[in-house]
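As structure tokens, the structure follows; a few thoughts come after it.
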Amino acid sequence: MSTFNNNISKSDADKILALGSATLYEAQGAYGALDAGIKPVSNNMKVVGPALTIDIRPGDNLMIHYALLQAKAGDVLVIDCKGFLEAGVWGDVLTTQALSIGLAGIIVNGAVRDAANIIEMAFPVFTRGLSIKGTGKSQPGKVNVPVTIGDCTIYPGDIIIGDIDGVVVVKADNIHNALSQAIERENKESNFKEKIEKGATTADLMKLHDTFRFLGL
3 MSTFNNNISK
13 SDADKILALG
23 SATLYEAQGA
33 YGALDAGIKP
43 VSNNMKVVGP
53 ALTIDIRPGD
63 NLMIHYALLQ
73 AKAGDVLVID
83 CKGFLEAGVW
93 GDVLTTQALS
103 IGLAGIIVNG
113 AVRDAANIIE
123 MAFPVFTRGL
133 SIKGTGKSQP
143 GKVNVPVTIG
153 DCTIYPGDII
163 IGDIDGVVVV
173 KADNIHNALS
183 QAIERENKES
193 NFKEKIEKGA
203 TTADLMKLHD
213 TFRFLGL
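Its first residue numbered 3, the sequence shown is counted upward by one per residue in this note's numbering.
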């Protein structure tokens with residue numbers, strides 16, 4: 003069985019992708035979601051894998067090129083360019099190299115460009131925005147350090163899960179517990195759906211009637 007790293011197997015990765023980011027977020031106590039501004043460039047894109055973090059200066063992507071020299075197959079690059087949207091730090095040339103390495107995908111707290119080509123190349127890219135503008139390649143930065151996006155701090159090796167709903171981060175040493183809790187939650191929701199199809203209501207199943215009465219509804 004192939005593995006992304008010592009913490010997640012290909013089998014578990016497939017289960018995580020099937021469950022989805024929202025279920026993993028709820029399963030670990032409504033924790034670890036990146037803010038809602040970061041979305042896939044195409045709705046069918048999904049990603050799961052360990053984070054390789056990059057802290058870069060806005061408008062400069064030198065450290066991305068450096069990080070790719072260290073990246074391994076299955077990694078997810080998490081690029082923090084401080085939410086800067088006036089330069090596309092990633093495009094189709096970098097995507098070509100990412101595919102040659104076997105990266106799982108990237109998360110960009112900033113902007114990318116060449117979106118149409120990236121979509122055609124079927125490489126998962128999650129970003130805050132798009133920009134036609136290019137970048138410099140001269141500024142220092144850091145690789146494999148904690149980065150903070152919104153109120154979520156991502157550490158190297160944390161497991162990144164992304165899909166159309168958004169992106170969630172799970173600590174590497176908690177991934178098996180989070181997956182177990184997510185499966186349990188999914189089974190519970192499947193049971194709810196079956197009961198609703200037979201006539202039950204969400205208010206019944208979630209025991210909301212007392213709250214309705216308390217609010218005078």
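All residues carry an ideal CB built from backbone N, CA and C; glycine is no exception.
Item: Identity of the residue in SER11, LEU132, VAL110, ILE177 nearest GLY76 by Cα; Value: SER11
Item: Contacting residues, own chain, Cβ-Cβ under 7 Å from GLU28 (five flanking each side not counted); Value: ARG187
Item: Sufficient close CB pairs (3 or more, under 8 Å) joining the stretch 19-33 to the stretch 126-141; Value: no
Item: Residue environment, PRO142, which counts as buried when at least 16 other CB atoms sit within 10 Å; Value: exposed
Item: ASP167 vs LYS48 beta-carbon contact at 7 Å; Value: no
Item: Exposed unless 16 or more other CB atoms sit within 10 angstroms - verdict on PHE6; Value: Only weak support is given to the placement of PHE6: the predicted model assigns it a pLDDT of 48, under 50, and the value that follows is read from those uncertain coordinates. Flag for PHE6 reads buried.
Item: Endpoints, the alpha helix (DSSP H) within which ASN16 is located; Value: Note on identity: in this sequence residue 16 is Asp, with Asn being the wrong assignment. 12-21 is the span of the alpha helix (DSSP H), which, as asked, contains ASP16.
Item: Cβ contact check for the stretch 32-40 and the stretch 61-69: 3 or more pairs under 8 Å; Value: no
Item: Cutoff 7 Å: GLY168 Cβ touching any chain C Cβ; Value: Of the protein chains in this structure there is only one, and it is not chain C.
Item: Best match in GLU196, VAL149, ALA205 for proximity to LEU54 [C-alpha to C-alpha]; Value: VAL149
Item: Boundaries (first-last residue) of the alpha helix (DSSP H) holding PHE214; Value: 211-216
Item: Member of ARG59, SER192, ASN146 whose CA lies at the smallest distance from the CA of CYS83; Value: ARG59
Item: Where GLY152 falls, given that 16 or more other Cβ within 10 Å makes a residue buried; Value: exposed
Item: Among GLU122, THR203, ALA106, the one whose alpha carbon lies nearest that of LYS74; Value: ALA106
Item: Three-state secondary structure (DSSP) of THR150; Value: strand
Item: Length of the line joining the Cα atoms of SER4 and ALA202; Value: Here SER4 scores only 35 on pLDDT, less than 50, and its place in the model should not be relied on; the value that follows carries that caveat. So the two alpha carbons sit approximately 43 Å from each other.
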